[in-house]
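>
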Ligand SMILES: [Zn+2]
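Chains as they are written, first to last, in the working numbering: chain L, 264 to 372; chain A, 29 to 1037.
Next up, the structure:
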C-alpha cells in the first residue's frame, strides 16, 4: 500500500486511490514505424530491481495522470511529477542521484 | 491426568462457573478460562488429530502459536472451523468439536495412515499419485480430498450471522504487543507528545512477565504492569486496544489490526470483528518470543507441552497439566516451570537437561527436591492418546541404554525464538544470534518507508532481549527512538530497572539424542500441524531440495497456520545439518501476513449484501421493478432482462417482446448507454485518433457508427457519434464502457497529446434515453406532439436515418437520434434525467393504441442478432479485430493515424487464417450452445480435435421461429452453406450451416421508412 503524492492536487494518496499505468516515458510508434519499433513500443518493458519510472493515475481523486520515480526494491519514492513531459525533470534526477549515485534507467541517468 | 489446581489462576474467577460442550459432552470451566485451559482442567488431554497421519494430538502451547488445538466453534450460521482453543475465551454455552477424524476423536479410521507412515514420506503426493492415470479419479483424488484441508468447511447453505467493520486509524507511533516491552515502549514514545496506538492480541496486558516473575524498580513485575497500564490509560495521546492483533505490516507504514470485539461475549450488539487499517509513521514491534519444541521421538503425544505453556496454565488458569511431570530442556528458563509446578504441589520427577552443566536455577530446583539430570535427553515418549512412559538416555549418542520412567506429562523447551513476523512482513532483514541460537531483527536493515528511512523498530523479546532487565532497557530506548523518527523530541526520563535470576547460556539442541537413530527420527515431529518429521526434512535434503523455500513446499513444513511459529528454526537446523551447512546460510522461509488467520468477515467488513457495491439505477428503475422486470447486472447498472407478466416464463416474455417490437411498438430504457461529450478546437482531430472511422468530417446534425481499437488493434468499444456543433461531439459508448472509455480518452489526452485543446465529460447520468422502436414509432411520437400542439418534425424528410435534432417532443425537451440497433424504424430520445419517468409514462400512455410494450436487454440482443449487428463483449473478447467481423468499411483509409492502425498491419493481424464472423443455423432449427467450439479435421499435438471456430452469440428468434447464431469460423465467409460440427458439453454434437449473419430484412427496408 504505497503512498504517492499527486503533483496536481497535492494529496498524499494511498494506493487504493491510485491506478497503476505501467512504465513511464514510452515513445509512441505509429504508422510508418518498423515492426521492431512497434513491437518494442507495445511489449518491451523495463523490469528493474531498483530505480524505476512509472505512470500512475489519481483515479479515485482528481483523475490526473502523473509520473513517479521510485525504487522497486526498497519502495523508496524519489519524487512524483507531471505526466506532460517526455523525460524526468532535473530535480527528480538530482533527487535520485543523491540516494543512488550512478543510477541509470533506459537512456536517462 | 490434567486437573484444576486448588490454588493459583490469576486470570480466572472461581466464583463464576461457565458451562460449555466439547464433542457434545458438557464441561465446566471458570470465567477467564480459555477453551484450552478449561479442556485441560477437565482432563481432556487429546483435543484433535493430526492432518496427515490422524495421530492423537493435545494442547502444546498457550497462545497464538498453538498448532494442534484447532476446533470447530459454534453452530449453524455461526460455525467456524480451525479456531484456536488457546486463544478462544470461554463463555457460557460455547460449543466446540474436534477435527480431522472419522467417525470420532477416540476411534478414528484415518489413524491407519500412521501405520503406513513409512509409505507416506515427504513429497508422497508428488511421487505416488502420478501413475496409473485412471487411479486419479477413483482412488487418489477421493483420498486426497478426504484428507486435504484442515477442519470442515461451514455448511454451504449457512450464512454468517454476524456483522463486521473496517476502521481507519492514523498515528505517529504504533506499538504492536502489550507485554512489558510494548507498554514501556508506548510510554517512552508517548512522553514526547507523539500520538501512540498500542494494540495487544490477548485480553490482558503485560504478556508473560507476570508468569515469569522478577522485579521492576524493586516491586513485583505484575504491580509494575498494573501501574504502567493505568498511567497510559490516563494519557490523552495514547489509545490502547486489547484483543487486537497486529496482523500484517505493509508498504509505507500500513498495518492491518484484527480486533475481536464480541467473540467472548456472543449475543452482544455490534460488529463481531473490526479490521483496523492503520497508517503509522513509526511502528514498534513488541511481539515477544515463542518457545521452541525439542525434537525427540513421541514429542507429539498428548501431554507433551512447551515448558512455558505449562507454566502459563498453572499460574494464569490454575491448571495442572499432569501429576507426574518430566521437564526436558537445553536452557535455564524451563527450570522456572519445574519450580512453579513443584511449588503448586505437582510431582516433578526430574529435569532432563541436555547441557553438561546447568545454571543457578538448577540449584533452586534441587533445593526444592527436584532431581536434575545434566547431559541427558528424552529418547522416546511412549503412550498413544496420552503420555504413559518416558525413556531417558544420554544426549550424546544414538539413544541407547534407556531408562524408562512412568510419567503423564512432559514439559519441553528448546530455547526461544523472537517473533520477527511483523518485522519481516515488509522486508525487514534478520541476523543470526549464535549465543541464543535464534534469528533476530537486524536493525541496520529495517523495512524502508517512502523516504528511504526505516519505519519499523523491534523492542524487547522480539528484538532478542530475553531477560526482564534487558527487555525494559531496550523497550524504553526503542520507544524514544520511534518518537524521534516520527518527528518528536523524546523526553529524557529514566528507564525502569528490571531484575530476574541470572541464567546460564543455552545450548543449541536440534535433536534429542544428538545422533538419534532413524526409528527415533521418524517419530520426532518438527511441525505438528502438518505432520512433518525430522526424517522428512532429511529425506528432502537427500533428494536435492537444498533451498529452504523448496523444502518447505516439498515437506509442507511451516505451512498453513504455523507460518514459521513453532517449526521454523528446528526445521532449518535439521536442513542445515543435512546439507552440511549452517542455519544463517540456509536462511528462513518468508514470513507472510496475517500473523494468525483472520476472519473472512473482517476482510469483507461492511461490504456485503446491499452495500457490497453501489447499484446504478436509471430514472425509470422503479417503474421497471413494478412492471415485472427480471433484472440483469450490466456493470454496476441493473437493466431489465425482460418484463415478465403473471403466468409467463422469462422465455415467454422475451418471445412476446421480440415479436411485438417488430410488429407494433417497443420501448427500451437505453439510459445506461455511455454518453461522453468531447469538446474543443482539437476535438475532431482527437476523435479521428480515437475512432477507426473519420469523425472530424461528420456534419453537424448527423450521426456515425464508430469503432474504437486499442493501440494493439483489438476492438474495445463501439457506438454512435453525433456532431453537436463545430467544436462538440457526443460519443455513445456501450453500457459497461462509459467510465472505461472516458478513462481511455483522458489517458491519451493527458499523456500523449497533452497540447491538444480538448475536454471530455461523462454526461451518461444527465440524460434518460428511451429507444422508441417499431413500425408505430413515429405515430406515437407524433401523437405526443399533436397533444401538445406542436413539436419537432419527425418525418422521414425532416429527420432522416442517422441524423439527430434538438427540440420539443410533446411537453419534453428532447434530443432525438434517428438510429437503430434493431433494424426497425427507431428513435432514440434523450431527455433530462429528471424528466425521464414522465417521458416514459407519456410514451406508454400514448402508445396503448399502437400496441406498446416495454422490452428488455434479451429482446434487444435478439433483435440485433437477427440483423447481424455485433455486440462488444459477445463478438469481441479482447482478441478480435474489426477485420474479423467484416467491419473493414469502418476503417478509414484516408487517415494517417488512429489507435490500432499500425497494429493492423502486423503479420498476424493480416493473416487469412484468422477466424471470421458468419451466421450459423442448426440443421434442425434448435439453438446452438453458447460458446461452443467448432471442430475440424485432424488432431492437435495433445490428441485433441482441431478447433476451427466458436459460437459468439446464440438465440431463439421468435420472429424466424428457429435458433440463430453468430460465430467466428476459420475461412468462414468462404464456406457459406457448409455444415460445421459443434461438440456440446452435454455430450451431443450440434450441426450448423454457415450462413450470412443478416437473418432478417437483409435490405434494411424496415428502418428506412
Ligand atoms: Zn490528484
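Heads up, the beta-carbon is just placed ideally off N, CA and C, and yes, glycines get one too.
Is the stretch 309-321 of chain L touching the stretch 48-55 of chain A, taking contact as three or more C-beta pairs under 8 Å?
Touching, no.
> Against chain A, does residue 360/L count as a neighbour if the rule is that its beta carbon must be under 8 Å from one of theirs?
For the purposes of this step, residue 360/L is taken as residue 97 along the first chain, with counting starting at 1. False, the Cβ-Cβ gap to chain A never drops below 8 Å.
> Considering just the uninterrupted stretch of the beta strand (DSSP E) at residue 368/A, what are its terminal residues?
As a working mapping, residue 368/A is identified with position 340 in the second chain. Note, residue 368/A: premise wrong, no beta strand (DSSP E); alpha helix (DSSP H) at 361-371.
> For residue 194/A, list the residues DSSP reports as bridge partners.
Taking the first residue of the second chain as 1, we reach residue 194/A at position 166. BP columns for residue 194/A point to 303/A.
> Strictly below 9 Å CB to CB, what residues from chain A border residue 296/L?
Position 33 of the first chain, counting from 1, holds the residue named residue 296/L. Going along chain A in sequence order, the residues near residue 296/L (Cβ under 9 Å) are 930.
> What residues from chain A crowd round residue 340/L, counting only those whose CB sits closer than 7 Å?
Residue 340/L sits at position 77 when you count from the first residue of the first chain. By Cβ distance, chain A contributes 478.
> Classify residue 365/L as buried or exposed, calling it buried when 16 or more other Cβ atoms lie within 10 Å of its own Cβ.
Mapped onto the first chain, residue 365/L falls at position 102. Burial call: exposed.
> Between residue 282/A and ligand 1, is the CB less than 7 Å from at least one heavy atom?
By one-based count along the second chain, residue 282/A stands at place 254. Answer for residue 282/A: no, Cβ out of range of ligand 1.
> May I have the straight-line CA-CA distance separating residue 747/A from residue 903/A, to the nearest angstrom?
Against the second chain, residue 747/A aligns to sequence position 719. Against the second chain, residue 903/A aligns to sequence position 875. Cα to Cα, the separation comes out at about 15 Å.
> Can you tell me which residues fall inside 5 Å of ligand 1, judged by beta-carbon distance to its nearest heavy atom, and keep chain order?
Ordered along the chain, the selected set is 269/L, 271/L, 272/L, 321/L, 324/L, 325/L.
> Rounded to whole angstroms, what is the Cα-Cα separation between residue 311/A and residue 520/A?
The count along the second chain starts at 1 and reaches residue 311/A at position 283. The count along the second chain starts at 1 and reaches residue 520/A at position 492. If you take the alpha carbons of residue 311/A and residue 520/A, they lie about 21 Å apart.
> What span of residues does the alpha helix (DSSP H) with residue 304/L cover, start to end?
Residue numbering aside, residue 304/L sits at position 41 when the first chain is read from its first letter. 298-306 is the extent of the alpha helix (DSSP H) around residue 304/L.
> Pop quiz: residue 861/A and residue 514/A are said to be a contact at Cβ under 8 Å. What is the actual Cβ separation, rounded to whole angstroms?
Here the question's residue 861/A lines up with position 833 in the second chain. Here the question's residue 514/A lines up with position 486 in the second chain. 49 Å between Cβ atoms; not a contact.
> Along chain L, in chain order, which residues have C-beta atoms closer than 9 Å to that of residue 278/A?
By one-based count along the second chain, residue 278/A stands at place 250. What residue 278/A touches in chain L: 264.
> Kindly identify the DSSP beta-bridge partner or partners of residue 294/L.
The residue you call residue 294/L lines up with position 31 of the first chain. The partner list for residue 294/L (beta bridge, DSSP) is empty, contrary to what the question assumes.
> Taking only beta-carbon positions, decide if residue 312/L is within less than 8 Å of chain A.
Here residue 312/L refers to the residue found at position 49 when the first chain is read from its first residue. Answer no: the Cβ-Cβ gap between residue 312/L and chain A never drops below 8 Å.
> Measure the C-alpha to C-alpha separation of residue 306/L and residue 300/L and round it to an integer number of angstroms.
On the first chain, residue 306/L is found 43 positions in, with the first residue counted as 1. On the first chain, residue 300/L is found 37 positions in, with the first residue counted as 1. Their Cα atoms are separated by approximately 10 Å.
> In angstroms with no decimal places, state the Cα-to-Cα distance between residue 408/A and residue 418/A.
Locating residue 408/A in the second chain gives position 380, where the first residue counts as 1. Locating residue 418/A in the second chain gives position 390, where the first residue counts as 1. Looking at the two C-alpha atoms, the distance is approximately 6 Å.
> According to DSSP, is residue 759/A part of a helix, a strand, or is it coil?
As a position in the second chain, residue 759/A is number 731, starting the count at 1. Correct three-state label for residue 759/A: strand.
> How many angstroms separate the CA atom of residue 367/A from the CA atom of residue 268/L?
Position 339 of the second chain, counting from 1, holds the residue named residue 367/A. Position 5 of the first chain, counting from 1, holds the residue named residue 268/L. In a straight line, the C-alpha of residue 367/A is about 58 Å away from that of residue 268/L.
> In whole angstroms, give me the CA-to-CA distance for residue 956/A and residue 1006/A.
Start at 1 with the first residue of the second chain, and residue 956/A comes out as number 928. Start at 1 with the first residue of the second chain, and residue 1006/A comes out as number 978. C-alpha separation (whole angstroms): 16 Å.
> Does the beta-carbon of residue 224/A have 16 or more other beta-carbons within 10 angstroms, so that it is buried, or is it exposed?
As a position in the second chain, residue 224/A is number 196, starting the count at 1. So residue 224/A ends up on the buried side.
> Please classify residue 549/A: does DSSP put it in a helix, a strand, or coil?
By 1-based counting over the second chain, the position of residue 549/A is 521. Helix.
> Let me confirm a value: residue 351/L is counted as buried when at least 16 other C-beta atoms fall within 10 Å, else exposed. Which label applies?
In the first chain, counting from the first residue as 1, residue 351/L sits at position 88. Classification for residue 351/L: buried.
> Could you please give the first and the last residue of the uninterrupted alpha helix (DSSP H) stretch that includes residue 865/A?
Along the second chain, read from residue 1 onward, the residue named residue 865/A stands at position 837. First-last of the alpha helix (DSSP H) with residue 865/A: 864-874.
> Select from 238/A, 252/A, 432/A the residue whose C-alpha is nearest the C-alpha of residue 244/A.
Taking the second chain and counting its residues from 1, the one referred to as residue 244/A is at position 216. The residue with the shortest Cα to Cα distance from residue 244/A is 252/A.
> Any residues in the stretch 760-779 of chain A with a beta carbon nearer than 7 Å to a beta carbon of chain L? Which ones, in chain order?
So the close ones are 774, 775, 778, 779.
> Can you determine whether any heavy atom of ligand 3 sits closer than 7 Å to the C-beta of residue 430/A, and answer yes or no?
Only ligand 1 can be found as ligands here, which leaves ligand 3 out of the picture.
> Enumerate in chain order the residues of its own chain whose CB-to-CB distance from residue 191/A is below 6 Å, with the five nearest sequence positions on each side excluded.
Here the question's residue 191/A lines up with position 163 in the second chain. If we look at residue 191/A and ignore the five residues flanking it on each side, its Cβ neighbours are 299.
> Would you mind stating whether residue 796/A and residue 867/A have Cβ atoms separated by less than 8 Å?
If you number the second chain from 1, residue 796/A lands on position 768. If you number the second chain from 1, residue 867/A lands on position 839. In contact: residue 796/A and residue 867/A (Cβ atoms closer than 8 Å).
> Closer than 7 Å, Cβ to any Cβ of chain A: which residues of the stretch 271-291 of chain L, in chain order?
Correct list: 291.
> Ignore the nearest five residues each way along the sequence and tell me which others in residue 1013/A's own chain have a CB closer than 6 Å to its CB.
Here residue 1013/A corresponds to residue number 985 of the second chain, with the count starting at 1. Taken in chain order, the list of residues that qualify is empty.
> Ignore the nearest five residues each way along the sequence and tell me which others in residue 838/A's own chain have a CB closer than 7 Å to its CB.
Stepping through the second chain from its first residue, residue 838/A is reached at position 810. The answer, listed in chain order, is 812, 813, 815, 816, 819, 870.
> Three-state secondary structure (DSSP) at residue 753/A?
Locating residue 753/A in the second chain gives position 725, counting from the first residue. Correct three-state label for residue 753/A: strand.
> Starting from residue 346/L, find everything on chain A with Cβ-Cβ shorter than 8 Å and list it in chain order.
Taking the first residue of the first chain as position 1, residue 346/L is located at position 83. Under the 8 Å cutoff, chain A gives 778, 779, 782.
> Which residue from 107/A, 291/A, 682/A puts its Cα closest to that of residue 889/A?
Walking along the second chain from the start, residue 889/A turns up at place 861. Closest option to residue 889/A, Cα to Cα, is 682/A.
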